[in-house]
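Novice:
Residue numbers (the numbering used here): 420 to 752.
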């Protein structure tokens, strides 16, 4: 590489980073930035991490098969509440979502539009005593003490150290889903988290965040769907953290039916305690460029972990399923 080429690439990377720096300065003044005081330094540190490392290139081993240049070079605008009328649910109607809700599947459905909870489109049946399912932003405001030990904890993969996309999510997320299962709680019907992106006149990005804390001996089935309504270029940059206590049982499904013009990067960070059972099935049917990351920490004996994947792609689409399993506790033979 010549000196001129290297200098040009560096200037281009600086331009891309500076664009996000301007967005972060504006985001600092929004009501979404500081749900609680302890969250603010996390956001600051996360953006500093992104500014330090920038977007990965094909020279980064973890991303050698995921060319993210199209994401880095697209001037995405951060999706805001003004992109959707949450009071009337105009533009995203129950009829528009019917194709994504599995017909008459019983259970609980939480809908998020451009990363924010939309209660008018959601359906939450009676949950077992002590179980919480709803907006992450609201949960951080009202029960931050319970969630803080698990959110982007240094014990979990989502923070040690984050790649550029995970750092951007921590810095910019406005809302998402929070599910808390107390000890011995069993949720019989599935909990469906439906993340909807709407196309705008210009490319937009949302950073939905999901935090699932399953107490000892608890059990639940959780479905994450990521879908697009309308045609257009947008970017979904999601992070899901799952913390399962001893002997918890979590069945997890991730379904991607994004627009074929969309970019989707999602990290699933899982921390499993002794005797827990976790299964996840990633089904990718949409998206122009999709990267599914699964980072799992086995933190005890007797854990069962299953990671399955199914994708449908063609010559114009790319799907990268990237997995890492940390056997933090040696097997007991």
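Glycine included, C-beta positions come from ideal geometry on N, C-alpha and C. Predicted, not measured: the structure shown is a model, and the values here were computed from it.
If you follow the alpha helix (DSSP H) that residue 560 is part of, which residue opens it and which one closes it?
Specialist: By 1-based counting over the chain shown, the position of residue 560 is 141. Segment 555–566, the alpha helix (DSSP H) holding residue 560.
Novice: Put residue 501 into one of helix, strand or coil per three-state DSSP.
Specialist: As a position in the chain shown, residue 501 is number 82, starting the count at 1. Residue 501 falls in the helix class under three-state DSSP.
Novice: Could you tell me which uninterrupted beta strand (DSSP E) segments, each at least 3 residues in length, are contained entirely in the segment 720–747, listed from first to last along the chain?
Specialist: Runs of the beta strand (DSSP E) inside the segment 720–747: 723–730 and 737–746.
Novice: Verify whether the separation of the beta carbon atoms of residue 615 and residue 638 is less than 8 Å.
Specialist: What you label residue 615 is simply residue 196 of the chain shown in a count that begins at 1. What you label residue 638 is simply residue 219 of the chain shown in a count that begins at 1. The answer is no: Cβ separation not under 8 Å.
Novice: Enumerated in chain order, which unbroken segments of the alpha helix (DSSP H) with a length of 4 residues or greater are wholly contained in the segment 453–493?
Specialist: Whole alpha helix (DSSP H) segments, 4+ residues: 458–472 and 488–492.
Novice: Say whether the segment 541–550 touches the segment 583–593, bearing in mind that this needs 3 or more beta-carbon pairs closer than 8 Å, one atom from each stretch.
Specialist: No, because fewer than three Cβ pairs between the segment 541–550 and the segment 583–593 fall closer than 8 Å, the two stretches do not touch.
Novice: Following the continuous beta strand (DSSP E) through residue 629, name the residue where it begins and the one where it ends.
Specialist: Stepping through the chain shown from its first residue, residue 629 is reached at position 210. Note, residue 629: beta strand (DSSP E), 628–633.
Novice: Out of 436, 459 and 437, point me to the one whose CA is closest to residue 447's CA.
Specialist: In the chain shown, counting from the first residue as 1, residue 447 sits at position 28. Looking at the Cα atoms, 459 is the closest of the given residues.
Novice: Leaving out five residues before and five after residue 532 in sequence, what residues of the same chain have Cβ atoms less than 6 Å from its Cβ?
Specialist: Position 113 of the chain shown, counted from the first residue, corresponds to residue 532. Correct list, in chain order: 503, 511 and 615.
Novice: Does the Cβ-Cβ distance between residue 569 and residue 544 come in under 8 Å?
Specialist: In the chain shown, residue 569 corresponds to position 150, counting from 1. In the chain shown, residue 544 corresponds to position 125, counting from 1. Against a cut-off of 8 Å, the Cβ pair of residue 544 and residue 569 comes out as no contact.
Novice: What are the partner residues of residue 703, as DSSP defines its beta bridges?
Specialist: Along the chain shown, one-based indexing puts residue 703 at 284. The partner list for residue 703 (beta bridge, DSSP) reads 675 and 730.
Novice: Can you tell me the Cβ-Cβ gap for residue 721 and residue 694, rounded? I've got them flagged as a contact below 8 Å.
Specialist: If you number the chain shown from 1, residue 721 lands on position 302. If you number the chain shown from 1, residue 694 lands on position 275. That belief holds up - the Cβ atoms of residue 721 and residue 694 are roughly 4 Å apart, short of 8 Å.
Novice: Hey, could you find the ends of the beta strand (DSSP E) residue 656 is sitting in?
Specialist: Sequence index remark: in the chain shown, residue 656 carries index 237 (1-based). Its beta strand (DSSP E) spans residues 653–663.
Novice: When the Cα of residue 513 is compared with those of 498, 540 and 522, which residue comes out closest?
Specialist: Within the chain shown, residue 513 is the residue found at index 94, counting from 1. The candidate whose alpha carbon is nearest that of residue 513 is 540.
Novice: Among 748, 747, 490 and 449, which residue has its Cα nearest to the Cα of residue 592?
Specialist: Walking along the chain shown from the start, residue 592 turns up at place 173. The option with the nearest alpha carbon to residue 592 is 449.
Novice: For the beta strand (DSSP E) containing residue 681, list its first residue and its last residue.
Specialist: Taking the first residue of the chain shown as 1, we reach residue 681 at position 262. Residue 681 -> no beta strand (DSSP E), and no H or E assigned at all.
Novice: Per DSSP, residue 514 forms a beta bridge with which residues?
Specialist: Translated into positions along the chain shown, residue 514 becomes position 95. Its beta-bridge partners do not exist; DSSP assigns none.
Novice: Assuming the contact rule is C-beta atoms closer than 8 Å, residue 618 and residue 647 should be a hit. Round their C-beta distance to whole Å, please.
Specialist: Here residue 618 is taken as the residue at index 199 of the chain shown, counted from 1. Here residue 647 is taken as the residue at index 228 of the chain shown, counted from 1. The Cβ separation is near 7 Å, so the contact holds.
Novice: Could you name the residues that DSSP lists as bridge partners for residue 708?
Specialist: Start at 1 with the first residue of the chain shown, and residue 708 comes out as number 289. Bridge partners of residue 708: 682 and 737.
Novice: Tell me which residue opens and which closes the beta strand (DSSP E) that residue 591 is part of.
Specialist: Within the chain shown, residue 591 is the residue found at index 172, counting from 1. Element bounds for residue 591: not the beta strand (DSSP E) but the alpha helix (DSSP H), 583–591.
Novice: May I have the straight-line CA-CA distance separating residue 703 from residue 480, to the nearest angstrom?
Specialist: Here residue 703 is taken as the residue at index 284 of the chain shown, counted from 1. Here residue 480 is taken as the residue at index 61 of the chain shown, counted from 1. C-alpha separation (whole angstroms): 23 Å.
Novice: Would you identify the three-state DSSP class for residue 644, choosing helix, strand or coil?
Specialist: For the purposes of this step, residue 644 is taken as the residue at position 225 of the chain shown. Strand at residue 644.
Novice: Check residue 637 in the structure and name its three-state DSSP category.
Specialist: Along the chain shown, one-based indexing puts residue 637 at 218. Here residue 637 sits in coil by DSSP.
Novice: Mind the definition here: the segment 646–662 touches the segment 618–636 only if three or more C-beta pairs lie below 8 Å; say whether that holds.
Specialist: With the cut-off at 8 Å, the segment 646–662 and the segment 618–636 touch.
Novice: Suppose you measure from the CA of residue 483 to the CA of residue 688; what does that come to, to the nearest Å?
Specialist: To locate residue 483, count along the chain shown from 1; it is residue 64. To locate residue 688, count along the chain shown from 1; it is residue 269. Answer to the nearest angstrom: the Cα atoms are 21 Å apart.
Novice: State the DSSP-derived secondary structure class of residue 546, mapped to helix, strand or coil.
Specialist: For the purposes of this step, residue 546 is taken as the residue at position 127 of the chain shown. In this structure, residue 546 counts as coil in the three-state DSSP scheme.
Novice: Return helix, strand or coil for residue 620, following the three-state DSSP convention.
Specialist: Indexing the chain shown from 1 puts residue 620 at position 201. Note: residue 620 maps to coil in three-state DSSP.
Novice: Give a yes or no on whether the C-beta atoms belonging to residue 519 and residue 644 are separated by under 8 Å.
Specialist: Your numbering for residue 519 matches position 100 in the chain shown. Your numbering for residue 644 matches position 225 in the chain shown. Closer than 8 Å, so yes.
Novice: Going along the chain, which residues of its own chain have a beta-carbon closer than 7 Å to the beta-carbon of residue 589, five neighbours each way excluded?
Specialist: Locating residue 589 in the chain shown gives position 170, counting from the first residue. Counting only Cβ-Cβ distances below 7 Å, and skipping sequence neighbours, we find 461, 462, 465, 571 and 581.
Novice: Let me know if residue 605 comes out buried or exposed under the rule of 16 or more other beta-carbons within 10 Å of its beta-carbon.
Specialist: Along the chain shown, one-based indexing puts residue 605 at 186. The residue in question, residue 605, is exposed, as its Cβ has fewer than 16 Cβ neighbours within 10 Å.
Novice: Who does residue 668 pair with in a DSSP beta bridge?
Specialist: Residue 668 sits at position 249 when you count from the first residue of the chain shown. Paired residues: 638 and 696.
Novice: Could you please give the first and the last residue of the uninterrupted beta strand (DSSP E) stretch that includes residue 379?
Specialist: Nothing can be reported for residue 379, as the shown portion of the chain is limited to 420 through 752.
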